[in-house]
Amino acid sequence: MKPSTMNLDDFVTSFGGVYEHSPWIASQTWQVCADKTQLDTPHGLAAALANTSNAADTKTKLQLIRAHPDLAGKAAISGKLTRESAGEQKGAGLDQCTPEQFAHFTWLNASYRQKFGFPFIIAVKGHDIGSILQAFEARLCHYPGQEMAEALRQIDRIAGYRIEEIFT
0 MKPSTMNLDD
10 FVTSFGGVYE
20 HSPWIASQTW
30 QVCADKTQLD
40 TPHGLAAALA
50 NTSNAADTKT
60 KLQLIRAHPD
70 LAGKAAISGK
80 LTRESAGEQK
90 GAGLDQCTPE
100 QFAHFTWLNA
110 SYRQKFGFPF
120 IIAVKGHDIG
130 SILQAFEARL
140 CHYPGQEMAE
150 ALRQIDRIAG
160 YRIEEIFT
């Protein structure tokens with residue numbers, strides 16, 4: 000079914016998980032989109048959803064960022080990741096961390112959260128454990144505003160990948 004022909008409930012059911020624990024983005028997008036045919040392509044839908052998330056106030060953007068789990072963190076170990084996050088982390092090999100790598104992720108997650116107040120976010124598609132750790136370490140040097148902007152860019156990339164998967 001084309002997104003433009005869906006009602007609000009069906010649209011949110013189909014695309015509410017594109018942004019982690021944030022179905023409000025799909026709901027608001029559907030409600031404000033005057034030309035719903037733009038939602039019928041992966042690119043158009045991704046752009047419309049990103050416009051909604053980017054238009055949010057700072058407090059809401061922080062809530063969006065904080066809705067994401069730590070990479071290779073407690074939620075992954077306890078099986079509490081969303082289906083999408085679990086698949087993405089597994090695809091990057093994060094479920095196969097050595098004890099040393101896991102300890103390094105644990106330290107990086109804690110350091111990052113202490114500095115920025117939210118979890119490190121990276122679109123893991125196309126990455127492996129080594130490149131994720133490298134990006135993690137590099138981004139710890141960012142300023143808070145710079146890192147918040149990067150986290151939001153990564154969230155939009157994740158959403159784009161999830162939309163592509165839904166459409167295929």
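The letter at position 52 of the sequence shown is residue 51 when you use numbering that gives the first Met the number 0, and the numbering goes up by one with no holes. Backbone N, C-alpha and C define an ideal beta-carbon position, used for all residues, glycine too.
Applying the criterion that 16 or more other CB atoms from any shown protein chain within 10 Å of the CB defines a buried residue, is residue i buried or exposed?
{"i": "E19", "result": "buried"}
{"i": "R82", "result": "exposed"}
{"i": "E87", "result": "buried"}
{"i": "D9", "result": "exposed"}
{"i": "H42", "result": "exposed"}
{"i": "N6", "result": "exposed"}
{"i": "G159", "result": "buried"}
{"i": "Y111", "result": "buried"}
Kindly indicate the opening and closing residues of the alpha helix (DSSP H) around residue i.
{"i": "D155", "result": "143 to 166"}
{"i": "Q31", "result": "Here the sequence assigns Val to residue 31, which means Gln is not the residue at that position. From DSSP, the alpha helix (DSSP H) with V31 extends over 22 to 31."}
{"i": "D8", "result": "7 to 14"}
| message | Any contact between the segment 42 to 57 and the segment 152 to 162? By contact I mean 3 or more CB pairs, one from each, below 8 Å. | response | yes
| beta strand (DSSP E) runs contained entirely in the segment 53 to 135, provided each spans 3 or more residues | none
| field | the segment 51 to 58 / the segment 126 to 142 touching (three or more Cβ pairs under 8 Å) | value | no
| query | Contact between the segment 135 to 150 and the segment 108 to 123: three or more CB pairs below 8 Å? | reply | yes
| Does the segment 1 to 16 come within contact of the segment 26 to 33, defined as at least 3 CB pairs closer than 8 Å? | yes
| message | Would you call the segment 98 to 110 in contact with the segment 58 to 68, where contact means no fewer than 3 C-beta pairs closer than 8 Å? | response | no
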